[in-house]
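In my numbering, the protein residues as written are 188 to 880.
C-beta: ideal position from N, C-alpha, C; glycine also.
(1) Residue range of the alpha helix (DSSP H) that residue 642 falls in?
(2) Report the rounded CA-to-CA distance for residue 788 versus residue 692, giving the unit in angstroms.
(3) Quick check on residue 537: does DSSP put it in helix, strand or coil?
(4) Strictly by DSSP, which residues pair up with residue 703?
(5) If we count the other Cβ atoms within 10 Å of its Cβ and call it buried at 16 or more, is residue 294 buried or exposed?
(6) Let's see if you can read the secondary structure: which residues bound the alpha helix (DSSP H) around residue 333?
(7) In chain order, what residues of the same chain lie with their CB nearer than 8 angstroms to the CB of residue 772, ignoring the 5 residues before and after it?
(8) Cβ of residue 574 within 7 angstroms of Cβ of residue 526?
(9) Drop a sphere of 10 angstroms on the beta-carbon of residue 144, count the other beta-carbons inside from all chains shown, and report buried for 16 or more, exposed for fewer.
(10) Taking 8 angstroms as the threshold, find out whether the region 802 to 811 comes into contact with the region 760 to 767 through three or more Cβ pairs.
(11) Just mark residue 898 as buried or exposed, buried being the case when its beta carbon has 16 or more other beta carbons within 10 Å.
(12) Just checking my contact of residue 783 with residue 749 at CB under 8 angstroms: how many whole Å lie between their CB atoms?
(13) Within a Cβ cutoff of 7 angstroms, which residues of the same chain sit near residue 590, ignoring the five residues on either side of it in sequence?
(14) Please return the same chain residues whose Cβ sits closer than 7 angstroms to the Cβ of residue 412, not counting the five positions on each side in sequence.
(15) Grouping DSSP H, G and I as helix and E and B as strand, with all else coil, what is residue 298?
(16) According to DSSP, simplified to helix, strand and coil, what is residue 246?
(17) Which residues in the same chain as residue 860 place their Cβ atom closer than 6 angstroms to its Cβ, once the five residues preceding and following it in sequence are excluded?
(18) Near residue 717, what residues of its chain come up, given a Cβ to Cβ distance below 8 angstroms and the 5 sequence neighbours on each side ignored?
(19) Note down the Cα distance separating residue 577 from residue 529, rounded to an integer number of angstroms.
(20) Just the C-alpha distance for residue 327 and residue 336, rounded to the nearest angstrom, thanks.
(21) Between residue 519 and residue 488, what straight-line distance do the alpha-carbon atoms span, to the nearest angstrom?
(22) Round the Cβ separation of residue 503 and residue 523 to the nearest angstrom and send it over; I've been treating them as touching at under 8 angstroms.
(23) What residues in its chain sit with their C-beta under 6 angstroms from that of residue 521, if we drop five residues either side in the sequence?
(24) Residues in the same chain with beta-carbon distance under 7 angstroms from residue 366, minus the five sequence neighbours each way, listed in chain order, please.
(25) Cβ of residue 564 within 7 angstroms of Cβ of residue 586?
(26) What first and last residue would you give for the beta strand (DSSP E) that runs through residue 289?
(27) Is the CB-CB distance between residue 491 and residue 196 below 7 angstroms?
(28) Measure from the alpha carbon of residue 869 to the alpha carbon of each residue in 322, 837, 349, then state which is nearest.
(29) Less than 7 angstroms between the beta carbons of residue 357 and residue 322, yes or no?
(30) So, with DSSP's three-state summary, where would you put residue 317?
(31) Per DSSP, which residues does residue 511 bridge with? Please list them.
(32) State the Cα-Cα distance for the pair residue 472 and residue 486, rounded to the nearest angstrom.
(33) Can you tell which of 442, 204, 807, 303 has its C-alpha closest to the C-alpha of residue 318?
(34) Jot down the residue ranges of each uninterrupted beta strand (DSSP E) in the region 748 to 811, minimum 3 residues, whole runs only, in chain order.
(35) Would you give the residue range spanned by the alpha helix (DSSP H) that residue 684 belongs to?
(36) Give the DSSP-derived three-state secondary structure of residue 452 in the structure shown.
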């Protein structure tokens, strides 16, 4: 492992589906000498898409990690999925990285999922490079792509290269630092390149873009600003320093250009990663809490000599035992050592440490601060748990994941499969934090839930193919929620008197709806304790809160969980002998069940943000489809000879839409969608849902 942390880069490749992330990654592996043959997504030979499901579909489903050397630097690289159904993979990968490369399709610019992954990166303040890929594609437009980054992502893209030609005429790029034209020659294995003078027709554009680049960099470097104002000669080192400072501050995004499929521009991108993105030493200290106490914040610094602290961010099941991916934030982790899981207060053993390369591995004796490794031996650790030195109990902030929006029933085909199903579901739950399952006592069915139709399909195939459980599946169903529309109050007593000691719990609660700034119900519920004077002893308050959560989980209309409700405990009483935690918990459950009926319950449904690209002649037919699906079209715009629609549509109406749009557009239309929010279901449709139609 590298001991000089200044030469380490932990980066992720992120983008909209089909923008070319995995193709970029495969070229990085080839040019860095990790692989000796370029893998191709369209051939099913991509190293990083090693799952059978990924190779068949030609998409990335699980984030794959690898390490590659480049010009004296060690780059830990994670290729993340682009499909919204696997957003958890992106979320947990970005949580442990220090920088990112956002890949954009030169003919599309910023697309729907591009915005999602960009927001995820911003949540963790990740410095980010932009790579405009597919410049050889029909409709490629570099300026449009850069403008879309500026307008849609509200970012500050600064081109450090401009393309020479576009579409079939794309043959190279102009490096604005060296002011040289770089031409690429296609060969059997890759592409060689050579530098020449900038062609006359591009000189003015190159000078203008270089001036804009220097002006942007000068904002972050005083010596560069002085030289720029004084019109003095400026060295490339000073320009790079200014660009780097702006990038690390999250206020600049250097833009590079190329075509990964044609091997153009990837080596220049690899040069830019250590040039502009931070080492683990240059990232702010991670926030931890001593003994899990939020009142005792601790700075977790990237120092291999301090006590060990790491975050388990991913778990994959393996025939030799579960593999736990760990980012080491502080200290040194040694093979054969004992660590503390501070989230569960359990001591765990690290039997082996591996450096991962997609699905192959190399044994290590130890891992240092700044490293991303896989370990085996852990038993009770889950995604987002902190591992630390047994004598230094510190918990890092965990990873939050979105709620599931879709579910379906599964049943084992035989008694033998029934036994295996429980174990298999436990494996899936450990691996995937956005997978949910529960048993429906009324129907006797097991209900699994996920982020979309494709997610559920992949989970089903994994159960059958990888885990050997033969199951029957039902149709996908929407994960509805309930909400309240008005404020209400309720008093409830739980009294049981038998021969011996009785049970007594008495609570008075208020409930009110909580909406965000846009008028939508917030996703979480709140509980507030306003008891004064000790009318209910403090030791019973957690039981009351637990009862409130239990009551909200089952709703008032048809058993769907309630969201966006604030419950306040305002009064009550206790009995010196008969009161107990169970009594107050039951009183709270009863109070919530009664108050929900009085608070105007309504049904909510998940609404999706949908982006559709269709040929102009088919626009009318697709628009009619959307209106029939209760969709609202927010914006339409022309992009070449295609029309792009931004809309919001209830998830319940989007089942099977792939085949519908194909038939409406002769196979030329495409769409992408992601969860937007929960909205009230129209009354006539709500009645049908509740009646089970």
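Result, derived from the coordinates:
(1) 640 to 648
(2) 26 angstroms
(3) coil
(4) Bridge partners of residue 703: none, in fact.
(5) buried
(6) 329 to 339
(7) 692, 730, 731, 733, 734, 737
(8) yes
(9) Not covered by the structure: residue 144. The range shown for the chain is 188 to 880.
(10) no
(11) The first residue shown for the chain is 188 and the last is 880, placing residue 898 beyond what the model contains.
(12) 7 angstroms
(13) 710
(14) 405
(15) coil
(16) Per-residue confidence for residue 246 stands at a pLDDT of 42, beneath the threshold of 50, marking its modelled position as unreliable; no derived number is given.
(17) 795, 797
(18) 755, 756, 757
(19) 9 angstroms
(20) 15 angstroms
(21) 12 angstroms
(22) Between residue 523 and residue 503 the Cβ distance is about 22 angstroms, and since that is not below 8 angstroms, they are no contact.
(23) 553
(24) 385, 393, 397
(25) no
(26) 286 to 292
(27) no
(28) 837
(29) yes
(30) strand
(31) 502, 562
(32) 6 angstroms
(33) 442
(34) 752 to 760, 788 to 802
(35) First-last for residue 684: undefined, no H or E at that position.
(36) coil
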